[in-house]
Each structure stands twice: as structure tokens, then as C-alpha cells.
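Trainee: In my numbering, the protein residues as written are 211 to 410.
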């Protein structure tokens, strides 16, 4: 089975995450997408962030209508700081083929990650750009693949300028977020009075 791994804090999960998952699922002909929420230190939860369980709840709501989406709480249960190479090595113990989904900013930094040169050899990487048809990034990925014998592929997607940070700020300011998150997630945020405190 070919599985895409989409990691993040998902605080909250938003329409950009869902669109990204749908796009890579289709364009790379994957069987499933795994949403992999990162662990957040307890002190961050106290500053207006959602708890780990609340983030899982919102992910379940956002992904429930797509049978090809599933959630792993591996990094949440592991606790502490999670490194991509350790997480990938954990999942690569099974017989599935994995594609690790990252943004362009992560592509430029990936060699600085823990064991970066080993990490890039473990699986295929799908790279999303904030610009549609980013020829410069495509050329840089081609050069990177040749230099490091890696397998990175640029996945084009219409620009969706959404971030969890902006959503949290909009909530504090009393602005509408209905175009930014799934309806069920917006309802959950309101019912649980999430993100109403300013972040330090």
C-alpha cells in the first residue's frame, strides 16, 4: 500500500491541510493519507492552544468523510520531541511504501534536520510550493535529486493561503473562519471555546 504522511501541529486542522492531502493522494496515485499530529509541550497548551486530544478530535471531524484518510497518534503517544527520521524508521518496519509530504520551506531546510542525508534516502518526498507552477523550485528539486540520489517530487496545487496561526488570530479578533476550516471543525472550536486567549 502507498501511504502519504502529512505531519503537522494541526492547531487547528484547516482546509489547506485537507486540500493538500486530496491533491497528493490524486496526483501521486496513493492509497491512503496518514495525518500525523506532532506532540505539543504542555506549556503551549496553556497558552490558548488546543490539547492533544482536542486536536485529534478536530482531525477526526475533518477527515471522517474520506475513507482514504486516517490518523496516527504515534508521535502524541511517544511524547517529547519527535524527529522525522525516527518516525519514518518506525513506520518503515511494515510492508507499506511511504511518501513524506513537506512544504517548500522544509525542502530548503531538510539537510539540517536530524540525520538529514540519511532521511532523504528513506522514502519519496512530495514537496508543495506556495506558488502554482513554481519552475524555480522544480529546477532546484531536480538538481537536489541528482546530487543526493534522492526522490523528491514537486506537487502543484492552486495557492491556498491559509495558516493555523492566522485562524487563531482571527478567532481572537472575532473574525469569521468559516472559509478556512471545515464546518464541523468550526463548530467544535466554538463549542469548546478554543483559541480565545492570546499567545505569548
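Backbone N, C-alpha and C define an ideal beta-carbon position, used for all residues, glycine too.
Does the separation of the CB atoms of residue 298 and residue 332 fall below 7 Å?
Mentor: yes
Trainee: Taking the Cβ atom as the reference point for each residue, do residue 262 and residue 219 lie within a distance shorter than 7 Å?
Mentor: no
Trainee: Quick one: Cα of residue 352 to Cα of residue 368, how far?
Mentor: The alpha-carbon atoms of residue 352 and residue 368 are separated by roughly 21 Å.
Trainee: Who are the near neighbours of residue 334 in its chain, counting only those whose CB is closer than 6 Å to its CB and skipping five residues on each side?
Mentor: 309, 361
Trainee: Note down the Cα distance separating residue 275 from residue 381, rounded to an integer number of angstroms.
Mentor: 25 Å
Trainee: Using three-state DSSP, classify residue 401 as helix, strand or coil.
Mentor: helix
Trainee: Could you compute how far the alpha carbon of residue 405 sits from the alpha carbon of residue 356?
Mentor: 44 Å
Trainee: Based on Cα-Cα distance, which residue from 354, 365, 293, 303 lies nearest to residue 343?
Mentor: 365
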